[in-house]
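In this note's numbering, the protein residues as written are 9 to 219.
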Ligand code: ADP
């Protein structure tokens with residue numbers, strides 16, 4: 009309830025209480041390529057990309073919320089929903105305030121949030137989710153090998169340890185995957201994430217073009 013009040017008073021303005029962000033979700037297991045695709049799509053005019061993981065990584069780790077991110081993510085767990093959605097709302101509100109994200113013109117490309125059904129429920133009044141692009145990669149070993157490579161390239165501590173990686177994949181199966189059922193087959197599009205990045209982009213663009 010508190011988040012609904014927040015949405016109606018702080019970020020949407022008094023006259024826009026009913027406005028929701030037109031949103032496309034990039035969804036998938038860690039290592040499926042959400043960030044890669046989100047960044048590409050975010051370069052197209054009229055699309056605004058926001059990755060929840062990047063929001064967390066940009067935090068000063070000396071702050072309580074930055075510390076919470078370090079604690080949870082290093083265990084392969086999700087940061088608690090209240091902290092996550094509150095932070096995300098504040099960041100997206102700033103983006104609107106700075107006119108980087110123009111909700112009346114731009115579609116939101118969201119990656120990494122909502123990441124469980126409770127987050128999807130909290131955000132129901134905020135997001136007008138048009139489609140969910142599920143970057144599907146049933147081969148878990150392929151994901152693990154991608155994440156290990158990313159650990160070296162991007163210096164990500166949560167990708168460095170195989171036990172943490174396996175825990176994150178488990179968290180994805182248990183907590184995140186049910187989000188696909190929350191939005192249902194009319195919105196979910198399954199895209200083969202084992203294809204080349206350009207083919208994955210092509211598949212997403214084909215879906216975006218049709219609405
Ligand atoms: P990946 O999808 O490869 O795991 P992300 O950058 O999306 O990478 O997320 C990194 C970590 O940040 C997650 O393991 C989790 O601890 C935290 N995190 C990101 N998004 C959320 C979210 N919506 N809810 C809770 N925790 C999140």
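Every residue, glycine too, gets a C-beta built ideally from N, C-alpha and C.
It should be emphasised that the depicted structure is a prediction, and the values quoted were computed from it without experimental measurement.
Proximity of the beta carbon of residue 121 to ligand 1 is indicated: a heavy atom of the ligand is located closer than 8 Å. Excluding residues up to 5 positions away in sequence, 92, 96, 118, 119, 120, 121 and 123 lie with their Cβ nearer than 8 Å to the Cβ of residue 60 in the same chain. Under the 8 Å Cβ criterion, the stretch 135-147 does not count as touching the stretch 78-91, having fewer than three qualifying pairs. A straight-line Cα-Cα distance of about 27 Å links residue 104 and residue 184. Taken through DSSP and simplified to helix, strand or coil, residue 137 comes out as strand.
Between residue 188 and the set 162, 215, 126 and 45, the nearest pair of CA atoms involves 126. Residue state for residue 98 is assigned as helix, using DSSP reduced to three classes. Counted as a single uninterrupted DSSP element, the alpha helix (DSSP H) harbouring residue 191 occupies residues 186-191.
Secondary structure at residue 31: strand, using DSSP grouped into helix, strand and coil. Within the stretch 156-211, complete alpha helix (DSSP H) segments of at least 4 residues are found at 165-168, 170-179 and 186-191, given in chain order.
Leaving aside the five residues that flank residue 164 on each side, the residues in its chain whose CB is nearer than 7 Å to its CB run, in chain order, 158.
No residue range can be given for residue 109, since it is assigned to no alpha helix (DSSP H) and is classified by DSSP as neither H nor E. Between the C-alpha atoms of residue 209 and residue 71 there is a straight-line separation of about 36 Å.
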